[in-house]
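Colleague: Sharing a structure below in structure tokens format, with a few things to ask.
Chains as they are written, first to last, in our numbering: chain A, 1 to 721; chain B, 1 to 329.
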């Protein structure tokens with residue numbers, strides 16, 4: 001016993017650092033061909049003509065596929081998976097002459113080599129006729145409620161108490177508008193799919209995926225196949241952050257290409273293609289109004305969000321979920337609206353919704369504290385919610401107070417001069433800021449198959465994924481712990497749709513879902529072995545197998561959420577403290593220090609958990625200071641669609657990072673007591689930094705990222721007003 | 001087909017012969033910029049001529065009077081050169097803040113000043129760009145132009161020149177050694193690049209058959225007292241949004257006897273600011289004098305929307321660079 005909670009090194013670490021871990025693009029089925037895409041350039045309209053002769057005549061080109069010669073797929077109706085937008089229809093690639101966004105794939109070249117495919121793709125010429133569509137300018141005047149606005153997770157309107165009335169009559173009020181730009185996942189590994197059909201018409205896909213079962217289900221329906229005719233394999237994922245939740249059009253195109261070429265085909269996306277072929281965190285504009293009593297009690301929180309979606313799918317997310325539950329406010333109201341543009345559909349990105357909503361809410365809370373002349377932490381503690389007032393339920397666990405205290409102490413918050421622009425280091429302005437982080441803890445049904453061998457080893461299998469957090473390692477620990485075996489004697493296999501069903505690897509719920517299935521399976525295994533004829537009380541199941549001369553014993557295990565969802569509200573929490581240094585002349589911001597304390601329930605592996613947390617902090621530095629898709633609203637394009645121009649933090653941007661997990665376990669939520677930590681690690685970082693920039697400079701910049709141009713222009717505006 | 005042909009040149013003479021006779025052929029040295037363009041189909045040349053095998057271009061030659069840099073000297077090689085560091089600190093400082101160590105191990109001093117702009121419209125081949133496709137229009141003028149130029153632009157192009165090294169070379173009066181089919185010639189570094197005007201696709205004054213063989217830098221007291229300062233959007237591995245190479249020579253009374261000021265990240269070519277240099281001359285080297293002279297840098301500047309912040313940033317960058325330099329004189 002005792003593997004849970006140990007800082008076990010990654011079991012897949014040696015394979016990763018020696019290059020033997022095989023990612024989607026790295027499989028090499030025999031006789032594989034390569035595909036490259038041709039993209040439309042107008043944001044909306046029709047393909048008028050498309051000329052493929054020049055590309056077809058290139059030696060080594062096998063086929064050029066367009067909407068004119070692509071096979072007609074059955075496209076059987078699909079029940080929207082939880083990772084799909086509730087309304088609309090995903091782009092059907094090469095299906096018709098209609099163009100829905102700039103960068104849409106309009107042709108596919110299959111060739112003997114990747115280079116030949118790309119070179120030939122450049123020779124495909126086409127003409128298009130533009131047409132009117134949803135438009136390219138994000139205008140809140142065109143906002144409308146989400147068409148599935150009754151969906152519980154993002155209602156068009158929600159209210160508790162009379163929020164507007166309370167706002168109007170409160171003695172202290174602030175309001176502001178906050179902008180978060182379009183953000184991209186930019187995982188290190190590009191998306192790639194290799195498709196191979198066998199002689200019996202069965203399809204194997206090696207794909208970058210956070211959910212192999214979903215890819216199997218989608219492809220099964222797109223091609224009119226039976227479930228056992230499609231197998232999806234994805235043993236390693238080089239980062240995803242949500243970009244590999246859905247089954248994107250390129251997966252269908254890879255399968256289509258392999259069918260046409262009658263041989264395996266690889267379709268690996270280029271970095272620029274990743275900005276249109278998969279989704280992104282939507283540009284979101286928010287208005288926040290807060291009102292408080294003279295003594296600092298919140299009376300009203302009113303938050304409105306305008307999120308970007310495409311013209312062909314209604315993508316909504318839980319931007320406003322934290323508004324009603326994060327603070328003990330007398331009333332609250334949220335309004336959620338979507339603005340359609342002719343662009344590709346957004347998709348969840350680490351902490352979808354909550355990261356966006358918390359950014360605006362936590363900046364506003366800071367402004368309110370300032371307006372009240374209260375310390376930002378004291379103000380938050382004054383309005384601490386002991387109960388989820390939105391669901392009107394008790395929390396299954398909440399250690400946020402402990403997060404605040406722990407992080408404040410480690411950070412040295414008491415050294416903060418309450419005055420703005422009062423702390424210096426040489427010429428540099430120094431600022432301290434903080435923010436709260438929150439993410440709903442979730443669990444979904446999951447299943448595993450466990451085989452225990454008489455030689456004292458065990459193999460645990462499930463169709464789960466590991467996009468980098470350490471699923472392989474932490475699940476191995478759960479199994480080792482519950483089977484009372486050394487970690488190195490347990491093997492965990494995942495990433496194959498032929499294995500027992502697992503839910504999506506997203507939303508911070510893999511440990512709560514799959515982890516509890518592993519634990520339940522282990523218990524069932526031990527119980528079943530203990531019930532075998534001849535088993536003796538108290539002996540280890542391996543001893544039983546040996547004594548009974550059985551080579552091995554296998555069980556299927558499963559876990560699903562219990563009744564607690566109806567009786568309790570479950571969230572992970574965190575507190576993030578940031579120090580910034582701002583150059584007052586140049587408007588450049590550095591982050592010498594971030595301290596985060598998290599309530600994520602039981603931490604199965606503090607080593608991989610810390611890695612995940614500091615990874616979130618780095619991503620938060622990017623979100624706060626440099627990341628933004630630069631949308632040209634004349635062309636309908638993100639102009640900086642590559643890693644040279646879309647900046648993410650480099651080592652020089654990252655200094656001291658400290659992540660602490662406070663004492664916490666949530667046995668009401670699930671037997672393992674885990675809540676999840678992936679999303680919470682990004683949540684709150686950007687507003688903590690923005691609040692620190694305000695403290696350093698006195699400039700309240702409500703648009704991300706906080707680049708030098710924004711600081712300099714804000715300084716000029718402040719000077720002239 | 002749009003394939004890529006590759007030729008290896010054994011000498012500079014043979015390289016000039018090949019590029020002079022093949023339209024749109026380009027020389028490849030470190031390839032750190034050219035490979036990006038090939039990958040993204042941005043003006044991909046049909047033929048690249050590899051000069052990495054050419055002898056005699058890899059040396060940093062030092063004597064009492066001058067320093068010569070061969071075209072194939074790698075950026076990190078210059079950073080590690082004590083004589084260059086001593087005689088031309090602004091050059092070494094500019095290179096230290098260029099790209100990343102990996103890129104600097106590969107990139108050459110000959111190629112660096114000829115790298116293409118980072119303008120978002122030049123780099124995305126599906127958009128209008130007069131530099132990439134003459135006559136197609138300028139996407140940046142009324143588009144996403146926060147990184148674009150406020151100096152030296154035209155109604156056809158406001159793309160910034162991205163090199164840090166070139167800014168320091170322009171400030172320190174370097175000479176470019178050029179070899180072509182008709183032999184060798186010398187060119188002041190400040191005359192290497194062209195203004196965009198109505199031909200933004202013509203970026204430099206080298207003839208089609210000419211290549212850079214190297215540079216000469218004359219040792220002067222002024223050059224020894226030089227400094228490079230770069231402002232950028234992240235801590236490392238990023239081009240300048242504004243930079244300044246400055247040099248000062250003070251007389252015995254602490255007055256500025258001579259000054260050099262060139263700026264980057266804000267202009268369509270490495271940009272000498274003669275009016276700032278003149279304004280500094282004869283003044284005491286005070287913060288006030290620096291600020292007054294630096295203010296002249298934006299006299300003729302034109303902002304285009306997103307890049308208006310550079311009007312404030314440029315004078316501050318120059319003044320800070322001068323202040324930092326004075327502190328160590």
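The beta carbon of each residue, even a glycine, is placed where N, CA and C say it ideally should be. Here the structure is a predicted model, which is why all the values come from computation and not from measurement.
Using a Cβ cut-off of 9 Å, which residues of the segment 405-422 of chain A contact any Cβ in chain B, in chain order?
Modeller: From the segment 405-422 of chain A, no residue has a Cβ closer than 9 Å to chain B.
Colleague: Please name the residue in A:671, A:713, A:715, A:622 whose C-alpha comes closest to that of residue 686 of chain A.
Modeller: Taking only the C-alpha atoms, the option nearest residue 686 of chain A is A:622.
Colleague: Relative to chain B, which residues along the segment 585-602 of chain A have a C-beta separation below 9 Å, given in chain order?
Modeller: So the close ones are 585, 586, 587, 588, 590.
Colleague: Look at residue 443 of chain A and residue 670 of chain A and say whether their C-beta atoms are less than 9 Å apart.
Modeller: Going by C-beta atoms, residue 443 of chain A is nearer than 9 Å to residue 670 of chain A.
Colleague: Report yes or no: do the segment 657-673 of chain A and the segment 61-75 of chain A share at least 3 C-beta pairs separated by less than 8 Å?
Modeller: Verdict: no, contact absent.
Colleague: Would you list the residues sitting across from residue 582 of chain A in a DSSP beta bridge?
Modeller: Partner(s): A:429, A:589.
Colleague: Rounding to the nearest angstrom, what Cα-Cα distance links residue 241 of chain B and residue 331 of chain A in this structure?
Modeller: So the alpha carbons of these two residues sit roughly 46 Å apart.
Colleague: Measuring only the C-alpha atoms, how far is residue 220 of chain A from residue 229 of chain A?
Modeller: Approximately 8 Å between the Cα atoms of the pair.
Colleague: Looking at C-alpha atoms only, which residue of A:614, A:396, A:528 is the closest neighbour of residue 564 of chain A?
Modeller: Among A:614, A:396, A:528, the Cα nearest to that of residue 564 of chain A is on A:396.
Colleague: So, are the CB atoms of residue 281 of chain B and residue 296 of chain B less than 9 Å apart?
Modeller: Going by C-beta atoms, residue 281 of chain B is not nearer than 9 Å to residue 296 of chain B.
Colleague: Going by DSSP, name the residue or residues bridged to residue 102 of chain A.
Modeller: Answer by DSSP bridge pairing: none, since residue 102 of chain A is not bridged.
Colleague: How about residue 274 of chain A and residue 184 of chain A: are their beta carbons less than 9 Å apart?
Modeller: Yes, these two residues count as a Cβ contact at 9 Å.
Colleague: Taking DSSP as the reference, what is the three-state secondary structure of residue 206 of chain A?
Modeller: Correct three-state label for residue 206 of chain A: strand.
Colleague: Pull up the CB-CB distance for residue 399 of chain A and residue 632 of chain A, whole angstroms please, since I reckon it's below 8 Å.
Modeller: That belief does not hold up - the Cβ atoms of residue 399 of chain A and residue 632 of chain A are roughly 46 Å apart, past 8 Å.
Colleague: Taking 9 Å as the CB-CB limit, is residue 716 of chain A close to chain B?
Modeller: Chain B contact via Cβ: present.
Colleague: For residue 158 of chain B, would you say it is in contact with chain A, using Cβ-to-Cβ distances shorter than 9 Å as the test?
Modeller: No, residue 158 of chain B does not count as interfacial toward chain A.
Colleague: With a threshold of 8 Å, are at least 3 pairs of Cβ atoms found where one atom belongs to the segment 36-48 of chain A and the other to the segment 208-228 of chain A?
Modeller: Flag = no, the segment 36-48 of chain A and the segment 208-228 of chain A do not touch.
Colleague: Which of the three DSSP states, helix, strand or coil, is assigned to residue 87 of chain A?
Modeller: Three-state result, residue 87 of chain A: strand.
Colleague: Among all the DSSP beta bridges, which residues are the ones paired with residue 230 of chain B?
Modeller: According to DSSP, residue 230 of chain B bridges with B:243.
Colleague: Just the C-alpha distance for residue 434 of chain A and residue 690 of chain A, rounded to the nearest angstrom, thanks.
Modeller: Going from the Cα of residue 434 of chain A to the Cα of residue 690 of chain A covers about 9 Å.
Colleague: Considering only the alpha carbon of each residue, which of A:702, A:684, A:705 lies closest to residue 326 of chain A?
Modeller: Closest option to residue 326 of chain A, Cα to Cα, is A:684.
Colleague: Along chain B, which residues have their Cβ under 8 Å away from the Cβ of residue 707 of chain A?
Modeller: Within 8 Å Cβ-Cβ: 146, 233.
Colleague: Mind pulling the chain A residues with CB within less than 7 Å of residue 241 of chain B?
Modeller: By Cβ distance, chain A contributes 708.
Colleague: If you draw a straight line from the C-alpha of residue 390 of chain A to the C-alpha of residue 160 of chain A, how long is it?
Modeller: Their Cα atoms are separated by approximately 7 Å.
Colleague: According to DSSP, residue 160 of chain A sits in a beta bridge with which residue or residues?
Modeller: BP columns for residue 160 of chain A point to A:332.
Colleague: Under a three-way DSSP split, which group does residue 198 of chain B fall into?
Modeller: If DSSP states are grouped into helix, strand and coil, residue 198 of chain B belongs with coil.
Colleague: Please go through the same chain and pick out, in chain order, the residues whose beta-carbon is closer than 6 Å to the beta-carbon of residue 6 of chain B, but skip the five residues on each side of it.
Modeller: The residues are 48.
Colleague: Between residue 97 of chain A and the rest of its own chain, which residues show a CB-CB distance below 6 Å, the 5 nearest in sequence each way excluded?
Modeller: If we look at residue 97 of chain A and ignore the five residues flanking it on each side, its Cβ neighbours are 46, 47, 67.
Colleague: Looking at the C-beta of residue 105 of chain B, does it have a partner C-beta in chain A at a distance below 9 Å?
Modeller: It does not; no Cβ of chain A falls within 9 Å.
Colleague: State buried or exposed for residue 278 of chain B, treating a residue as buried only when at least 16 other CB atoms are found within 10 Å of its CB.
Modeller: By the 10 Å Cβ count, residue 278 of chain B comes out exposed.
Colleague: Measuring CB to CB, does residue 357 of chain A end up less than 9 Å from residue 386 of chain A?
Modeller: No, the pair does not count as a contact, with Cβ atoms beyond the cut-off.
Colleague: Please report the straight-line C-alpha distance between residue 262 of chain B and residue 73 of chain B, rounded to a whole angstrom.
Modeller: Each residue's Cα considered, the two are about 23 Å apart.
Colleague: Could you tell me whether the Cβ of residue 34 of chain B comes closer than 9 Å to any Cβ of chain A?
Modeller: Judged by the 9 Å Cβ criterion, residue 34 of chain B is not in contact with chain A.
Colleague: Please decide whether residue 40 of chain B counts as near chain A, where near means a Cβ-Cβ distance under 9 Å.
Modeller: True, the Cβ-Cβ gap to chain A drops below 9 Å.
Colleague: Do residue 581 of chain A and residue 340 of chain A count as a contact pair if the criterion is CB distance below 9 Å?
Modeller: Their beta carbons are not under 9 Å apart, which means residue 340 of chain A does not touch residue 581 of chain A by this criterion.
Colleague: Can you check whether the C-beta of residue 199 of chain B is within less than 9 Å of a C-beta belonging to chain A?
Modeller: Not one chain A Cβ lies under 9 Å of residue 199 of chain B.
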